[in-house]
Structures are given as structure tokens and as C-alpha cells.
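Contents: one structure, followed by commentary.
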Amino acid sequence: MKKNVFVFSRLDSEYVLRLEDNFNVTQLDPQGDIDAQYAAALPEAHGLLGVGRPMGRAQLAQAGRLEVISTISVGYDNYDLDYLNERGILLTNTPDVLTETTADLGFALLISAARRIAELDAWVKAGNWQATLGPAQFGCDVHGKTLGILGLGNIGAAVARRGRFGFGMDVLYHGNSRKPALEQELGARFCGFDELLGEADFVCVVVPLSERTHKLIGRRELALMKPSAILVNVARGPVIDEAALVEALQNRQIQAAGLDVYEQEPLRESPLFALSNVVTLPHAGSATYETRRAMVELALDNLEQALLGGTPRYRVNPRVRGT
Ligand code: DGY
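Sequential numbering from 4 applies to the sequence shown in our numbering.
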């Protein structure tokens, strides 16, 4: 008998057809009554596929048959892992395929904030370009500066490579552990958290969100940064205390920021909107046609393997399956 899969994100029909080869598939209709659809689907579902919905005890209590959740993301901060472990529910994710794409966007934010690309684009389109540019429109150099990476994982290393080999930057990093191979490859120097904040011209935040990293960057940390520093966040919004960042940007305590993620998403109203020294993107790190397809395909592979008796490659909590 086919197992039941509930797809809670939008999925192209080709992927729904692929799933239907092996499963009974129900897809969330975003125009319908969302709560009613979850209430109907969860008790039957053996597998869930999607992204962007917090899931823990409250949301999954009725999901008595659930074996696997396949998230179409590398990040899994939306999931209560302790609860999934307690219930023996496997969580799979989609790392690797989005590394370079997310690093591209991180570096784009860095350059955009430094060279004021988004701001100058709006300025030109508003008809303000009347004469040769003066210092009021100048930005700052990227090449040859010091890039500080908080969290030298796959994405952090990919950002660092762009800085090192594309822009001749010196790379500092801080994280849980030393990365000798990357130190060798990138000439990167491991340093203390405060030291990195004080020395880097660009601080790029690429840590996963956890209790430990929640509000990692707040008033104290912003005060440690250079007044000329630029902060980039392609990790998760709550890693930065947004109110403190707004204050630091308003007071020019730091020069600028490039943000892809926020405490509350989607970002609909925010004091950030009034600031010209911040570039705001809509959590677009992995949002290219190629990469989103690769993520969906990987999430489908994970789900199929988990429900059809195989071992998915990307398991967040592998021990629930005794592997
Ligand atoms: C991820 O995959 O975690 C990206 O942030 C998209 O959610």
C-alpha cells in the first residue's frame, strides 16, 4: 500500500507527478483554509515535504504515523529536534547544493553595501544624477580589505574564497573549531570573537541559528566593530539583535549592512526601510532557478529513500533510524 505524503510548500507539477509514482500525495492549497488542511492531512501523513513552517510538539501531536520530514532547506531551526527524536521522526535537509549560490548572494550583499549599489540605482532612477559624482555618493573599496567570517562552514568558506581569491582580501574567522585545511587554502586566521569584530572591515555572519547563536550580534558586539565596518547576514535573522542593528545604522556606529534574513519574515514594516545604509533582500540566498530545482530534487530523493526503505544521504537526526 502506498504511503501518504503531505506537501506543504508549492511544488511544480512534474515533482508532484514523480511523488505520485510511489505515494498518495496531498498538496497544501495556499488559497484554502490552511489550518483545516493541516488538521486533515497530518494524522494520515507518513511523510512531509516543504519549507518555512515551524514544527514541534504543538504542530505534530496529531501526526501519529509520521516517519519523515524532508525540509527543502539546509537550515532546520524551524524544527524541534528534541521532539522529533523523542517521536522517532527522521528529519532530512538539503545542504551542499546551495552553498555556492548562497555565497554568491552573500558576496553580492557585501559589495552592494560597500559600493552602495542598491542605493545608487534608486538615486539614478529618481533622476538625481545631474553632475559628476561627489563624495556624497562614494562608497568604499572591497578589494584588499579584511573579511571576517563568523562560522566557517561550507557557505562561510565559499564566501571566504570569493573574498580571498576574487578580491585579495585577508580572511579572519571565528567558530566552534579550527579548520586547518581552510587556513591553509585561504591563508585564513582563526581569532577570538571580539578580536574578529574589532579587526574586520566586513563581518559576514554564516552561523546556524541555535540557542547559542541567538542574538550573537547585539549592542555590545556592534560597539566593538569599526565605524567603517559593514555587516552581512545570510544566516538567520535572530542571530542579530535587529533593534540594536537599526540603532547602530542610524547612528552610523557602523557604516552599513547587507541583510538577507530578519527576525520576522516576510519583512513587511521595519525601521530598516527608512535607512539608506542597509541593503535588504527577501531571504533570497538560494533563490536561483538552478539551485531551487536542485534543492527540491534532493528533498524528493531524501523523502523517497526514507519512505521506501533506503537511507537518505542528508539526515539531520540519523540516530532515530538506528543508522
Ligand atoms: C536554507 O536552505 O536554509 C535557506 O536559508 C533557505 O531557507
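Where a beta carbon is used, it is the ideal one built from N, C-alpha and C, also for glycine.
Simplified DSSP state of residue i, which is helix, strand or coil
i	result
Asn157	helix
Gln34	coil
Gly109	helix
Thr326	Caution applies to Thr326, whose pLDDT of 46 falls short of 50 and renders its modelled position unreliable; the value that the coordinates give is listed next. Coil.
Tyr82	strand
Phe26	strand
Tyr176	strand
Ser273	coil
Ser289	coil
Ile75	coil
Val206	strand
Leu136	coil
Asp15	coil
Thr102	helix
Phe170	helix
Gly240	helix
Ser278	According to the sequence displayed, residue 278 carries Leu and not Ser. Leu278: coil per DSSP, three-state reduction.
Leu150	strand
Arg165	helix
Arg21	helix
Arg318	strand
Arg56	coil
Proximity of residue i and residue j at Cβ, strictly below 9 Å
i	j	result
Leu185	Ala203	no
Arg222	Ala251	yes
Arg56	Phe9	no
Ile257	Cys143	no
Leu212	Val242	yes
Met298	Thr102	no
Leu155	Val209	yes
Asn7	Ala44	yes
Leu1	Leu270	Within the shown structure, residues of the chain are numbered from 4 to 326, placing residue 1 beyond reach of any answer.
Phe205	Val145	yes
Leu63	Gly50	no
Met58	Ile75	no
Asn25	Glu307	yes
Arg318	Leu22	no
Gly147	Gly169	no
Leu175	Ala191	yes
Leu303	Leu284	no
Gly288	Gly35	no
Leu336	Asp173	Since the first residue shown for the chain is 4 and the last is 326, residue 336 is missing from the structure and cannot be characterised.
Thr104	Glu293	yes
Boundaries of the beta strand (DSSP E) in which residue i is found, first to last residue
i	result
Asp10	What sits at residue 10 in the sequence shown is Val, not Asp. That run of the beta strand (DSSP E) goes Lys6 to Val10.
Asn236	Ile233 to Asn236
Thr95	Leu93 to Thr95
Gln120	Residue identity check: residue 120 is Ile in the sequence provided, not Gln. Taken as a continuous stretch (DSSP letters only), Ile120 belongs to no beta strand (DSSP E), being part of the alpha helix (DSSP H) at Ile120 to Lys128.
Ala260	Ala259 to Leu262
Val282	Val281 to Thr283
Min CB distance residue i to chain B below 9 Å
i	result
Asn179	In the displayed structure, chain B is absent; only one protein chain is listed.
Start and end residues, alpha helix (DSSP H) containing residue i
i	result
Val249	Glu245 to Gln253
Thr294	Tyr292 to Leu310
Asp197	Phe196 to Glu202
Leu52	Premise fails: Leu52 lies in the beta strand (DSSP E), Gly50 to Gly53, not in any alpha helix (DSSP H).
Pro183	Pro183 to Leu189
Gln62	Arg60 to Leu63
Glu224	Arg222 to Leu227
Closer than 8 Å: residue i CB and nearest the ligand COA heavy atom
i	result
Ser213	Ligands displayed in this structure: the ligand DGY; the ligand COA is not among them.
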